[in-house]
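Comments concern the structure below.
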Amino acid sequence: MHPEVRQDHAGACPKCGMALEPMVAPSGASPAGSAPAEWTCPMHPEIRQDHAGACPKCGMALEPRAVAIEPVEDKSELRDMSQRFWVAIGLAVPLLLVSMGDMLPGHPMTAIFSARGRVLIELVLASPICLWGAWPFYTRAVQSVRNQSLNMFTLIGLAVAVAYSYSVVAVLFPGIFPASFRDESGQVGVYFEAAGTIVALILLGQILELRARRQTNEAVSLLLGMQAKTARLLASDGSERDVLLEQVQVGDRLRVRPGEKAPVDGIVLEGSSTMEESMVTGEPLPVEKHPGDAVIGSTINGAGSFVMRAKKVGSETLLARIVTLVAESQRSRAPIQRLADVVSGFFVPAVILIAAVTFVVWTWIGPPPAMTYGLINAVAVLIIACPCALGLATPMSIMVAAGKGARLGILFKNAEAIEVLRKVNTLVVDKTGTLTEGKPTLVSVMAAEGFADGELLRVAASLELGSEHPLASAIVEGARQRGVAVADTDGFQAVTGKGVTAQLESKQVAIGNQALMESLGVDWSGLTTQVDALRAKAQTVMYVAVDTRLAGMVGVADAVKKSTPRAIELLHSEGVRIVMLTGDNEATANAVASELQIDEVIAGVLPSEKVDVVKRLQNEGHIVAMAGDGTNDAPALAQAHVGIAMGTGTDVALESAGVALVKGDLQGIVKARHLSRLTMRNIKQNLFFAFAYNSAGIPIAAGVLYPLSGWLLSPMIAAAAMSLSSLSVIANALRLRAAKV
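Going by the working numbering, the letters in the sequence shown line up with residues 856 to 1596, in that order.
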């Protein structure tokens, strides 16, 4: 819950008292000798330790910061709680039977033992429960006082200690109690059965909570469990052998046979097949793979066989990055959590005050034995008011939502993105790779007077050979398909937002947009009519110059993604305004915008100007999301209220965004917004349950119904209700896993 808390050993979160969790990386993500696993608190993610334990703030059991393929999670917390529970329940049952001797006529215990003998038996049975079984509650309660961070274990420890200690003194030194503590027969009441049963019920609640919390990581655990364990390595001499996944290195040639999993991310070299990628993209349809196509590690091969080259291994694979993003998202804090934090800061001291007032009021005006009534009702207040449900309300929903998103190919980088995305009313989108496929093809080659088409294309492809831009790749590939050979260049220089220049065979050559030509003093006006015609067909036109003379132009077209029109239609139906922001020419941008019914087009902008546009929209009062895939989109992605990186884009864009769409499909934004709405609704339901439970439970435990009905809330029932309240919040959060998005 507080990821900023980090420790080098197991223990409890100093803020909330929850048990710390290890910070571990997915299998293969960390090299040998890397930092040890870290554990953190679900309620206080700032708590971090290198071993399991309890949160020093809230006392809850710590959890690993990341999920591993092979379970590295130290289950000592669950095992310890289970052992204490079974001992407690084994002693609590006979304890209850013995304590009922005075209440049931003819009870066997009344015939065998005297009243004094029965309370001594109760003392013997209750002591292991209240001393050993409840020991974790006491240590966490003391720790909460030392850390000045009172929590649920403060109340539990105080309540059990008071009930048990009072009963021990009543058995060993009954003569010190005044008449106000004695019943009609003159006996001082003992409450060993209440203290013992409370401990057993709270231990049961802790066990159920620990098990339920683990389910929040189920989606990522399933993904990790599907990772390939071995790879078929092709050696340079043509031999093949199976190796462990950890032995695969970048550049290795690997064979993937029918039905096998791609071991790592890479590129198909030989052969073809279809791959089942639903585990990371959320799309159930198989994807065809041919030489040159990218392959995602751990996706399942169909009936074909192919050879691939490893490009990303270990922590660099898409699957490992998904795990890292989801783990960080699950431990982050949503803005709405501040409400629970503020309430929790005052809640425990207020409950202790209410319990004290309850004791005083019952002692003052209650029926005899007044002080006994006061004591038991004060204990009930302490038990039923434990704020665990309030602390769990937001983190549990965030953890489940992050896992749900991962299964759909939607990666939330932090909880704030989950909360804010539903409020977005303006979506700014880049064109290339976001609205379009990002795989442009060379369509037109038009030489100027004095130049041949082949020579023009040779110059253009030679220049673009050193660039990683999608348009550059299209020109190089177009030259290759047309049989045009490229040459090496010297002095390659990229001019941001304009194009590139270089030296080719002692000539100064350049390719880029109109702004680049003007800066080089190249007259481009002779091809204006032809350029306008190509742009009207949504082609991106680039001018080519040789020694400050226009050599011609090339036109590249990038097809609109098939899913884009439907995605824009759905976003419009939700009242979202779409703004296309592109460095492309205005005519080309308008052609695409007209086809897709984009609300506003801002063309010809430099990367630095994209940030200014986003700021302007924000200053106008819009909640802005920015979707892009390139390095030049990164500043704007970071500036937007929510940055959305297309999964097919660059690492810089992914790091700058709050949301990443693995498939790179705008329809993922629609799903992400829906999941955002569902999550916030779930959080509000949890907060309502928690507030309503405490608002109703505390007065009842204090005894406000006694004057009207003579009914009092037993501390045992209060303990059961407290545990059930936490479980109800977790169960409601887990409903998100089955929600339709």
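Ideal Cβ placement from N, Cα and C applies to all residues, glycine included.
- Counting other Cβ atoms within 10 Å of its Cβ, residue 1219 stays below 16 and is therefore classed as exposed.
- Between the beta-carbon of residue 1059 and that of residue 940 there is about 6 Å, and that keeps the pair under the 8 Å contact cut.
- Assignment of beta-bridge partners to residue 1161 by DSSP yields 1111 and 1126.
- Annotation: the continuous alpha helix (DSSP H) that includes residue 1555 extends over 1522-1557.
- Put simply, the backbone Cα of residue 1101 is about 25 Å away from that of residue 1126.
- Around the beta carbon of residue 1084, fewer than 16 other beta carbons sit within 10 angstroms, so the residue counts as exposed.
- Unbroken beta strand (DSSP E) runs of no fewer than 3 residues, entirely contained in the segment 999-1039, are not found.
- Secondary structure in the segment 1283-1352: the beta strand (DSSP E) runs of 3 residues or longer, each lying completely within the stretch, are 1296-1302 and 1345-1350 in chain order.
- Secondary structure of residue 1433 (DSSP, three-state): strand.
- When the beta-carbon positions are compared, residue 1430 and residue 1398 stay at least 8 Å from each other.
- A residue is called buried once 16 or more other Cβ atoms fall within 10 Å of its Cβ, and residue 1559, having fewer, is exposed.
- In the DSSP annotation of this structure, the continuous segment of the alpha helix (DSSP H) that includes residue 1238 starts and ends at 1225-1239.
- Excluding five sequence positions before and after residue 1526, the CB atoms of its chain that fall closer than 7 Å to its own CB belong to 1263, 1265 and 1596, given in chain order.
- With 16 or more other Cβ atoms from the protein chains shown falling within 10 Å of its own Cβ, residue 1413 counts as buried.
- In the structure shown, residue 919 falls within a strand segment according to DSSP collapsed to helix, strand and coil.
- Counting only the Cα atoms, residue 1034 lies some 8 Å from residue 1041.
- Counting only residues of its own chain and dropping the five nearest sequence neighbours on each side, residue 1104 has a CB closer than 8 Å to the CB of 1165 and 1168.
- Apart from the 5 residues on each side of it in sequence, residue 1146 sits with its Cβ closer than 7 Å to the Cβ of 1123, 1124 and 1125 in its chain, given in chain order.
- With fewer than three CB-CB distances shorter than 8 Å, the segment 1358-1375 does not count as touching the segment 1447-1455.
- Closest by C-alpha distance to residue 1176, out of 1224, 1517 and 910, is 1517.
- Going by DSSP, residue 952 is part of the alpha helix (DSSP H) stretching over 931-954.
- Close CB contacts of residue 1438 within its chain, under the 7 Å cut and outside five residues either way in sequence, are with 1352, 1459, 1460 and 1461 (chain order).
- Under a 10 Å Cβ-count criterion, residue 1403 is classified as exposed, with fewer than 16 other Cβ atoms of the shown protein chains found around its own Cβ.
- Leaving aside the five residues that flank residue 1349 on each side, the residues in its chain whose CB is nearer than 8 Å to its CB run, in chain order, 1322 and 1355.
- Annotation for residue 1467: the continuous alpha helix (DSSP H) segment containing it runs 1462-1474.
- In the same chain as residue 1342, and ignoring 5 residues on each side of it, the C-beta atoms closer than 6 Å to its own belong to 1317, in chain order.
- Of all alpha-carbon atoms in 1534, 1377, 1269 and 1419, the one lying nearest the alpha-carbon of residue 1512 is that of 1269.
- If you check the CB distance, residue 1015 and residue 1053 come in under 8 Å.
- The closest CA to that of residue 1119, considering only 1095, 1086, 1094 and 1143, is found on 1086.
- At the C-beta level, residue 1036 and residue 1226 come within 8 Å of one another.
- In the DSSP assignment, no residue is bridged to residue 1213.
- Residue pairing by DSSP places residue 1515 opposite 1266 and 1500 in a beta bridge.
- Here DSSP, grouped into helix, strand and coil, assigns residue 976 to helix.
- Under the Cβ criterion (8 Å, minimum of three pairs), the segment 1469-1487 does not count as touching the segment 1416-1429.
- Nearest to residue 1565 by C-alpha distance, out of 1222, 1244, 895 and 1111, is 1222.
- Assignment of beta-bridge partners to residue 1355 by DSSP yields 1349 and 1366.
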